[in-house]
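Numbering (the working numbering), first residue to last: 8 to 156.
Okay, here's the thing in structure tokens:
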């Protein structure tokens with residue numbers, strides 16, 4: 008598409024009021040609102056930008072989580088569901104009168120596994136208690152098995 012000529016433009020020259028009368032408007036009204044350099048604060052109001060060196064820029068970029076922590080929350084939620092599933096298996100085993108040794112070992116291994124950085128301290132303490140309880144139950148089970156042999 009080719010534009011041949013733009014022609015000249017001019018702003019509105021007359022304003023129609025609600026009573027139907029026209030009134031001439033001066034074109035310099037807008038210019039009154041534009042202040043010169045003295046209207047704005049001078050350069051002293053602007054602070055200089057701090058430049059980042061190459062290493063600092065890389066570290067700053069690495070510290071930004073692109074998905075807003077969603078992936079970490081998903082992993083933590085999945086881990087919590089796995090722990091709860093293992094605990095449910097232990098509960099069912101306790102109600103049945105026999106807890107399989109492998110269930111306790113799996114629970115202890117899962118809880119001892121690598122934890123996400125920045126985990127809530129209360130959650131970490133809860134996981135520590137679960138691990139301790141699983142280890143105690145595992146020790147009791149192995150002791151009982153040793154006494155039966």
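Glycine included, each C-beta is placed from N, C-alpha and C at the ideal position.
Note the first and the last residue of the continuous alpha helix (DSSP H) segment covering residue i.
{"i": "residue 99", "result": "77 to 103"}
{"i": "residue 118", "result": "108 to 119"}
Pull up the CB-CB distance for residue i and residue j, whole angstroms please, since I reckon it's below 8 Å.
{"i": "residue 145", "j": "residue 111", "result": "4 Å"}
{"i": "residue 119", "j": "residue 131", "result": "At roughly 12 Å, the Cβ-Cβ gap does not stay under 8 Å, so residue 119 and residue 131 are not in contact."}
{"i": "residue 97", "j": "residue 148", "result": "In fact, because the Cβ distance is near 11 Å, the residues do not count as touching under 8 Å."}
{"i": "residue 117", "j": "residue 89", "result": "6 Å"}
On the CB-based measure, 16 or more other CB atoms within 10 Å of its CB, does residue i come out buried or exposed?
{"i": "residue 93", "result": "buried"}
{"i": "residue 103", "result": "exposed"}
{"i": "residue 136", "result": "exposed"}
{"i": "residue 46", "result": "The predicted position of residue 46 is uncertain, since its pLDDT is 49 and thus under 50; a value taken from the coordinates is nonetheless stated next. Per the 10 Å Cβ criterion, exposed."}
{"i": "residue 101", "result": "exposed"}
{"i": "residue 115", "result": "buried"}
{"i": "residue 141", "result": "buried"}
{"i": "residue 134", "result": "buried"}
{"i": "residue 99", "result": "exposed"}
Consider the Cβ of residue i: report whether some Cβ of chain D lies at a distance smaller than 9 Å.
{"i": "residue 135", "result": "Here there is only one protein chain, and chain D is not present."}
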